[in-house]
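Chains as they are written, first to last, in the numbering used here: chain A, 2 to 231; chain B, 2 to 269. Just so you know, even glycine gets a beta-carbon here, dropped at the ideal spot from N, CA and C. If you're wondering where the values come from, they're calculated on a predicted model, not measured in any experiment.
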Amino acid sequence: MAIEMQPKMQIKGVRDGLLVTLGEGSWEDVFQLFLEQIDQQLEFLRGARLMLDVGNHVLKAVEMSRLRDELSERGLQLWGVLSNSPTTESTAQTLGLATRLSKPTTQRREEIPIDMPPSRDTALMIHRTLRSGSSVKYAGHVVVIGDVNPGAEIIASGNVVVWGRLSGVVHAGAEGDESAVVCALNLAPTQLRIAGSIAIPPKRRGRPQPEMARLVDGQVVAEAWDDRRR
Amino acid sequence: MTAKVVTVTSGKGGVGKTTATANLATALAANGAKVVCVDADIGLRNLDVVLGLENRIVYDLVDVVEGRCRLRQAMIRDKRLPELYLIPAAQTRDKNAVSPSDMVRLCDELRGEHDWILIDSPAGIERGFRNAIAPADIVLVVTNPEVSAVRDADRIIGLIEAEEKGPARLIINRIKPSMVKRGEMLSADDVLELLAVDLVGMIPEDENVVVSTNRGMPVALDERSKAGQAFRNIARRLNGEQVPFMSMNDDGGFLGRLARLVRPGGNR
Chain A
2 MAIEMQPKMQ
12 IKGVRDGLLV
22 TLGEGSWEDV
32 FQLFLEQIDQ
42 QLEFLRGARL
52 MLDVGNHVLK
62 AVEMSRLRDE
72 LSERGLQLWG
82 VLSNSPTTES
92 TAQTLGLATR
102 LSKPTTQRRE
112 EIPIDMPPSR
122 DTALMIHRTL
132 RSGSSVKYAG
142 HVVVIGDVNP
152 GAEIIASGNV
162 VVWGRLSGVV
172 HAGAEGDESA
182 VVCALNLAPT
192 QLRIAGSIAI
202 PPKRRGRPQP
212 EMARLVDGQV
222 VAEAWDDRRR
Chain B
2 MTAKVVTVTS
12 GKGGVGKTTA
22 TANLATALAA
32 NGAKVVCVDA
42 DIGLRNLDVV
52 LGLENRIVYD
62 LVDVVEGRCR
72 LRQAMIRDKR
82 LPELYLIPAA
92 QTRDKNAVSP
102 SDMVRLCDEL
112 RGEHDWILID
122 SPAGIERGFR
132 NAIAPADIVL
142 VVTNPEVSAV
152 RDADRIIGLI
162 EAEEKGPARL
172 IINRIKPSMV
182 KRGEMLSADD
192 VLELLAVDLV
202 GMIPEDENVV
212 VSTNRGMPVA
222 LDERSKAGQA
232 FRNIARRLNG
242 EQVPFMSMND
252 DGGFLGRLAR
262 LVRPGGNR
């Protein structure tokens, strides 16, 4: 009976390495089975780059870093985690792991695959500061309560709102929505993109004020929020 | 006795991790604490040179991990301070010779007999960095008041938070007050505004550091050096003392504001 209960695991080759799909069941069991299977085939697998599809499992940072360390001790590299859970995805992203199959660096801007059904009405709420190296990609709006530091990026198919200082790279309307806007309490991005337009904002001095950037006749325009209200 | 494990890291190379580790260890040990430093920069070891112990190395960290010697055999006693020890890195191997769990085991073995374990992390965000922070209770991030170093510090602070080792504490090294005054260098305020972490020390640029590094005699032992004083202050803050940030010039302006940022250093 126990045999039937055992979670299944599949390994297949993909362009960037090996894709391992884990089965259902308690995470401890799945994890142990995974390590056993890896150990059995270690000679064959050594040096491989692994992408792990964890399905519906929700992984915290401790579990994911343990996973990565166990693999790295066996000479395997964990380079990405596929998941149905947004929590797990964001954990993977904070650990610097990929969360989709083809490498983001080789993707062209117009082809950002966003693996949730596009909906203009959903928003991702991020209540922390995005530091250099973190990347948020979302089909919908993105709201950050905190700063977006230089070296961080946000790519959203909808609007981007930052309740804080926006200094990183931001792309609103990434799937071509020209009505998308970017708002921030202090709008000072390294680069600001809306749909297909790219703007490099000039360095400004003086007191920062809340601003909103949008497309006007194909040009990115930033206006002070106070001026708009008048 | 249960030691606290302090990892000194930075992301960017050359900002003063090794100098900071050597001086903090020296300052803590000079106050009577039992201290052991571990050089986790396997393949590019330096801490032994800065402490002036290079010629005493017989066994190293990799020998301990691979079981070629006992832990005690790899611990080199400092020539000045009897309670300061160094476990040197191997020079002929690379970062993959040690794993994060090896480091955790090593520190667990050391914890019982010491007050402080200081780990000198290599630059970068790869295996060596993960080895260094795996056993950490406290992570100190060293940066310089330069845009590139601050950017890397930001990245590393994010990784430390992701590994649930945060909150990191910041040391700003090599501040030149005259350049800050002319607006040619980032001020400590500028750095803190971006990184939004607790400041645990500011080290002024000091030529004595180069001299003492070359001599293998940490500047923290030099009563007249300003940098040495700054390192001794950080050691006191790690012990939980409230120490005001020292003035680096006569202008009380921005330092006065910083003094309000003083927070207890030791216990989380």
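query                                                                                                                   : result
Segments assigned beta strand (DSSP E), at least 3 residues, entirely inside the segment 149 to 180 of chain B          : 170 to 176
For ASN174(B), the nearest candidate out of ALA154(B), VAL143(B), SER149(B) and VAL59(B) (CA to CA)                     : VAL143(B)
Below-7 Å beta-carbon distance, GLY134(A) vs any chain B residue                                                        : yes
Whole-angstrom C-beta distance between ALA163(B) and ALA62(A), which should lie under 8 Å                               : 6 Å
CA nearest to the CA of VAL149(A), picked from LEU20(A), VAL222(A), HIS128(A) and ASP178(A)                             : HIS128(A)
Near-chain A residues of the segment 159 to 191 of chain B (beta-carbon distance less than 9 Å), N- to C-terminal order : GLY159, LEU160, GLU162, ALA163, GLU164 and GLU165
Closest Cα partner of ARG67(A) within the set GLU224(A), GLU29(A), ILE195(A) and SER168(A)                              : GLU29(A)
Short CB-CB distance (under 7 Å) between SER100(B) and chain A                                                          : yes
contact_flag[the segment 36 to 56 of chain B, the segment 208 to 224 of chain B] where n(CB pairs < 8 Å) is 3 or more   : yes
Given ASP49(B) as reference, the closest of PRO89(B), ASN215(B), PRO245(B) and ILE235(B) once Cα atoms are compared     : PRO89(B)
7 Å Cβ cut-off: residues of chain B touching PRO177(A)                                                                  : Before going on, a small fix: residue 177(A) reads as Gly here, not Pro. Those within 7 Å of GLY177(A) in chain B number zero; the least Cβ separation is about 30 Å.
Status (buried if at least 16 other CB within 10 Å, exposed otherwise) for PRO114(A)                                    : Annotation note: pLDDT 45 at PRO114(A) (below 50); position unreliable, no value reported.
Backbone secondary structure at ASP54(A) - three-state DSSP                                                             : strand
C-alpha distance - GLN38(A) paired with GLY56(A), whole-angstrom precision                                              : 18 Å
Among ARG205(A), GLU44(A) and GLY197(A), nearest to THR191(A) - alpha-carbon criterion                                  : ARG205(A)
Contacting residues, own chain, Cβ-Cβ under 7 Å from LYS177(B) (five flanking each side not counted)                    : MET186 and GLU206
Cα-Cα separation between VAL137(A) and ALA169(B), rounded to whole angstroms                                            : 23 Å
Nearest-angstrom Cα separation, counted from ASP42(B) out to THR22(A)                                                   : 36 Å
Among GLY48(A), ALA214(A) and GLY76(A), the one whose alpha carbon lies nearest that of ILE199(A)                       : ALA214(A)
Assigned secondary structure, CYS108(B) (DSSP; H/G/I helix, E/B strand, else coil)                                      : helix
LEU96(A) at chain B interface by Cβ criterion, 7 Å                                                                      : yes
Counterpart residues of GLU224(A) in DSSP-defined beta bridges                                                          : MET213(A)
GLY253(B) in three-state terms, based on DSSP                                                                           : At GLY253(B) the pLDDT is 46, less than 50, meaning the model places this residue with poor confidence and gives no usable figure here.
Listed by chain order, chain A residues near ALA197(B) by CB distance under 8 Å                                         : THR130 and ASP148
ASP95(B) at chain A interface by Cβ criterion, 7 Å                                                                      : no
In DSSP terms, what SER136(A) is bridged to                                                                             : GLU154(A)
6 Å CB neighbourhood of THR107(A) in its chain, flanking five on each side removed                                      : Confidence at THR107(A) is low in this model, with a pLDDT of 35, below 50, so the placement of that residue should be treated as unreliable; the coordinate-derived value is given next. Excluding positions up to five away in sequence, the list is empty.
Closer than 7 Å at the beta carbon, the chain B residues around VAL63(A)                                                : GLU165
Within-7 Å CB hit, ASP138(B) to chain A                                                                                 : no
Residue-level contact to chain A via CB, ASN234(B), 7 Å cutoff                                                          : no
Selection from SER11(B), ALA30(B), LYS5(B) and GLY184(B) that minimises the alpha carbon distance to PHE232(B)          : ALA30(B)
Nearest candidate by alpha-carbon position, reference ILE134(B), set HIS115(B), SER102(B), VAL151(B) and ALA150(B)      : SER102(B)
Residue of PRO209(A), SER180(A), ALA124(A) and GLU212(A) minimising C-alpha distance to VAL197(A)                       : Sequence check: residue 197(A) is Gly here, not Val. Among PRO209(A), SER180(A), ALA124(A) and GLU212(A), the Cα nearest to that of GLY197(A) belongs to SER180(A).
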